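Following: one structure in structure tokens, then a few remarks.
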Amino acid sequence: MAAEPPGSAAAGDDAPARIPVGISGCLLGEKVRYDGGHKLDRYVTGVLGRWFEYVAFCPEALAGLGIPRPPIRLAGDPDAPRAVRVGDDSIDVTDALQATARRVVPEIGMLRGYLFKRASPSCGMERVKVYQTPPGRSPRLGRGLFARAVMEAYPFLPCEEEGRLNDPSLRESFVERVFALDRWRRTMADGLTPARLVEFHTRHKLLLLSHSEVHYRTAGRLVADAGRREPAALAGDYLRTFMEGMRRQATRRRHANVLQHLAGYLKRRIDPGDRQALAALIDEYRTGAVPLVVPIRFLRHHFRRAPDRYAELQHYLEPCPDSLGLRNHL
Numbered sequence: 000m001a002a003e004p005p006g007s008a009a010a011g012d013d014a015p016a017r018i019p020v021g022i023s024g025c026l027l028g029e030k031v032r033y034d035g036g037h038k039l040d041r042y043v044t045g046v047l048g049r050w051f052e053y054v055a056f057c058p059e060a061l062a063g064l065g066i067p068r069p070p071i072r073l074a075g076d077p078d079a080p081r082a083v084r085v086g087d088d089s090i091d092v093t094d095a096l097q098a099t100a101r102r103v104v105p106e107i108g109m110l111r112g113y114l115f116k117r118a119s120p121s122c123g124m125e126r127v128k129v130y131q132t133p134p135g136r137s138p139r140l141g142r143g144l145f146a147r148a149v150m151e152a153y154p155f156l157p158c159e160e161e162g163r164l165n166d167p168s169l170r171e172s173f174v175e176r177v178f179a180l181d182r183w184r185r186t187m188a189d190g191l192t193p194a195r196l197v198e199f200h201t202r203h204k205l206l207l208l209s210h211s212e213v214h215y216r217t218a219g220r221l222v223a224d225a226g227r228r229e230p231a232a233l234a235g236d237y238l239r240t241f242m243e244g245m246r247r248q249a250t251r252r253r254h255a256n257v258l259q260h261l262a263g264y265l266k267r268r269i270d271p272g273d274r275q276a277l278a279a280l281i282d283e284y285r286t287g288a289v290p291l292v293v294p295i296r297f298l299r300h301h302f303r304r305a306p307d308r309y310a311e312l313q314h315y316l317e318p319c320p321d322s323l324g325l326r327n328h329l
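Residue 180 in numbering that gives the first Met the number 0 sits at position 181 of the sequence shown, and the numbers go up by one each step.
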């Protein structure tokens with residue numbers, strides 16, 4: 000069940016290309032910041048870069064603000080802030096940034112995710128300072144102008160900031176959603192059919208259940224209606240339900256529920272000692288004594304020895320490559 004990097008020799012000649020993901024150019028080491036510098040992120044480039052094909056944007060540079068350039072900040076209403084020059088609110092570059100967003104955002108529709116630069120007035124995904132008048136009032140919090148445009152245009156697109164990737168749960172959630180959306184796009188590349196929808200849902204149902212039972216049940220009802228609904232509308236409803244559910248944080252309780260579900264398929268295939276060991280591992284995971292990777296690898300080991308078609312289909316057992324080590328910290 001282990002995966003190889005897309006495009007590697009071990010993956011075979013027909014391996015898919017790396018997954019296209021948008022990114023703030025400075026995180027790749029591009030010298031596009033206001034001071035002519037960059038914010039190269041080694042995890043983003045070195046670890047995730049094995050699997051992601053980055054498409055870089057710097058909205059401030061694309062808007063013609065120059066490199067280097069006077070720094071800007073957000074001011075005014077946090078829900079509709081203006082981008083102004085630091086130290087001189089009369090120099091307003093909001094229109095230039097918004098025009099750039101209108102020109103660039105359509106290109107982002109082909110991407111599977113986006114990594115933004117934390118705290119940037121153009122690219123910050125959340126908690127960006129929005130300064131108030133008169134001077135001296137505490138800043139409020141908002142979202143960068145370009146990030147806002149991207150997230151409003153593509154509400155299902157997995158988005159994250161590089162700083163938040165230090166949190167194991169947020170990191171796992173983002174990467175997992177990127178891989179899931181990529182599988183959706185590839186499955187539906189030639190159009191949605193009831194058979195393709197059933198295939199996708201069957202492979203992802205336990206993964207979705209680990210995040211949200213409500214969305215799991217709603218998605219199941221949508222699949223049951225697959226032959227009676229217009230395909231485009233059904234695809235939109237399913238994708239919204241699936242990605243909203245996947246955005247909910249998985250918990251130890253939900254994971255333990257899914258692990259027990261999978262353990263049921265081994266009930267008559269492994270001996271009593273292994274059944275007890277598996278039950279103990281699941282309980283240890285539930286109480287925080289071991290990370291998720293431990294019971295997962297136990298299950299995968301036994302499913303290799305006693306194959307089960309339903310279990311083999313489940314992306315839950317490996318939603319993204321083991322080499323990323325995401326489940327080692329959950």
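Just so it is clear, CB atoms sit at the ideal spot from N, CA and C, and this is done for glycine as well.
Note that the coordinates shown come from a computational prediction; the quantities given were computed from them, not determined experimentally.
Using 8 Å as the threshold, is the stretch 50–62 in touch with the stretch 16–29, meaning 3 or more CB pairs across them? Yes, the stretch 50–62 is in contact with the stretch 16–29.
Which residue's Cα is closest to the Cα of residue 205: 68, 178, 315, 52? Within the sequence shown, the letter at position 206 stands for residue 205. Sorting 68, 178, 315, 52 by C-alpha distance to the C-alpha of residue 205 places 315 at the top.
I think residue 141 touches residue 73, with their Cβ atoms under 8 Å apart; what is that distance to the nearest whole Å? Locating residue 141 in the sequence shown gives position 142, where the first residue counts as 1. Locating residue 73 in the sequence shown gives position 74, where the first residue counts as 1. In this structure residue 141 is in contact with residue 73, their Cβ atoms being roughly 6 Å apart against a cut-off of 8 Å.
Counting pairs of beta carbons, one from the stretch 156–167 and one from the stretch 220–230, are three or more of them closer than 8 Å? Output reads no: the stretch 220–230 does not touch the stretch 156–167.
Using 10 angstroms around the beta-carbon of residue 40, count the other beta-carbons present and answer buried if the total reaches 16, otherwise exposed. Sequence index remark: in the sequence shown, residue 40 carries index 41 (1-based). Around the beta carbon of residue 40, 16 or more other beta carbons sit within 10 angstroms, so the residue counts as buried.
Out of 38, 109, 65, 117, which one is the CA nearest neighbour of residue 152? The count along the sequence shown starts at 1 and reaches residue 152 at position 153. By alpha-carbon distance to residue 152, the top candidate from 38, 109, 65, 117 is 109.
Within 9 Å, strictly: CB atoms of residue 242 and residue 179: Your numbering for residue 242 matches position 243 in the sequence shown. Your numbering for residue 179 matches position 180 in the sequence shown. When the beta-carbon positions are compared, residue 242 and residue 179 come within less than 9 Å of each other.
Measuring alpha carbon to alpha carbon, tell me which of 202, 173, 77, 327 ends up nearest residue 313. Locating residue 313 in the sequence shown gives position 314, where the first residue counts as 1. For the residues 202, 173, 77, 327, the minimum Cα distance to residue 313 belongs to 202.
CB residue 162 to CB residue 146, shorter than 9 Å? Within the sequence shown, the letter at position 163 stands for residue 162. Within the sequence shown, the letter at position 147 stands for residue 146. No, these two residues do not count as a Cβ contact at 9 Å.
Stretch pair the stretch 295–307 + the stretch 249–265: three plus CB contacts closer than 8 Å: With three or more CB-CB distances shorter than 8 Å, the stretch 295–307 counts as touching the stretch 249–265.
C-alpha gap between residue 94 and residue 81, whole angstroms: As a first step, residue 94 must be located in the sequence shown, where it is residue number 95. As a first step, residue 81 must be located in the sequence shown, where it is residue number 82. Their backbone Cα atoms lie some 9 Å apart in a straight line.
DSSP-derived helix/strand/coil call for residue 51: As a first step, residue 51 is located in the sequence shown; it is residue number 52 there, counting from the start. Three-state result, residue 51: strand.
Once DSSP output is grouped into helix, strand and coil, what is the label at residue 152? One-based indexing of the sequence shown puts residue 152 at position 153. In the structure shown, residue 152 sits in a helix (DSSP, three-state: H, G or I).
First and last residue of the uninterrupted beta strand (DSSP E) at residue 82: For the purposes of this step, residue 82 is identified with residue 83 of the sequence shown, where counting begins at 1. In the DSSP assignment, residue 82 falls within the beta strand (DSSP E) that extends over 81–84.
Can you grab the Cα-Cα spacing for the pair residue 218 / residue 200, in whole Å? Stepping through the sequence shown from its first residue, residue 218 is reached at position 219. Stepping through the sequence shown from its first residue, residue 200 is reached at position 201. Rounded to the nearest angstrom, the two C-alpha atoms are 8 Å apart.
Does the contact criterion of 3 or more C-beta pairs under 8 Å hold for the stretch 247–258 versus the stretch 277–292? Under the 8 Å Cβ criterion, the stretch 247–258 counts as touching the stretch 277–292, having at least three qualifying pairs.
Just mark residue 318 as buried or exposed, buried being the case when its beta carbon has 16 or more other beta carbons within 10 Å. Counting from one through the sequence shown, the residue named residue 318 turns up at place 319. Classification for residue 318: buried.
Within the same chain, show all residues whose beta-carbon is closer than 7 Å to that of residue 181, passing over the 5 residues directly before and after it, in chain order. On the sequence shown, residue 181 is found 182 positions in, with the first residue counted as 1. In its chain, beyond the 5 residues on either side, 18, 111 have a beta carbon closer than 7 Å to the beta carbon of residue 181.
Do residue 91 and residue 103 have their beta-carbon atoms positioned less than 9 Å apart in this structure? The residue labelled residue 103 in the question sits at position 104 within the sequence shown. The residue labelled residue 91 in the question sits at position 92 within the sequence shown. Not in contact: residue 103 and residue 91 (Cβ atoms no closer than 9 Å).
Ordered list of alpha helix (DSSP H) runs contained in the stretch 141–220, each at least 4 residues: List check, alpha helix (DSSP H) in window: 144–152, 167–186, 193–208.
Specify, as a first and last residue, the run of the beta strand (DSSP E) that residue 98 falls within. Within the sequence shown, the letter at position 99 stands for residue 98. DSSP places residue 98 in no beta strand (DSSP E) but in the uninterrupted alpha helix (DSSP H) bounded by 93–103.
Note down, one range per segment and in chain order, each alpha helix (DSSP H) of at least 4 residues found wholly within the stretch 244–298. For the stretch 244–298, the full-length alpha helix (DSSP H) segments reaching 4 residues or more read 251–263, 271–285 along the chain.
When we look at the beta-carbon of residue 120 and count the other beta-carbons within 10 Å, is it buried (16 or more) or exposed? Position 121 of the sequence shown, counting from 1, holds the residue named residue 120. Its Cβ being crowded by 16 or more others within 10 Å, residue 120 is buried.
Nearest to residue 303 (by Cα), restricted to the options 137, 228, 269, 70: As a position in the sequence shown, residue 303 is number 304, starting the count at 1. For the residues 137, 228, 269, 70, the minimum Cα distance to residue 303 belongs to 269.
Ends of the beta strand (DSSP E) at residue 19? What you label residue 19 is simply residue 20 of the sequence shown in a count that begins at 1. From DSSP, the beta strand (DSSP E) with residue 19 extends over 18–23.
Outcome for residue 308 when other beta-carbon atoms lying within 10 angstroms are tallied against a minimum of 16: Position 309 of the sequence shown, counted from the start, is the residue given in the question as residue 308. That one is exposed.
Beta-carbon gap between residue 187 and residue 214 smaller than 9 Å: Position 188 of the sequence shown, counted from the start, is the residue given in the question as residue 187. Position 215 of the sequence shown, counted from the start, is the residue given in the question as residue 214. Against a cut-off of 9 Å, the Cβ pair of residue 214 and residue 187 comes out as no contact.
Under the three-state reduction of DSSP, which class applies to residue 74: helix, strand or coil? Locating residue 74 in the sequence shown gives position 75, counting from the first residue. In the structure shown, residue 74 sits in a strand (DSSP, three-state: E or B).
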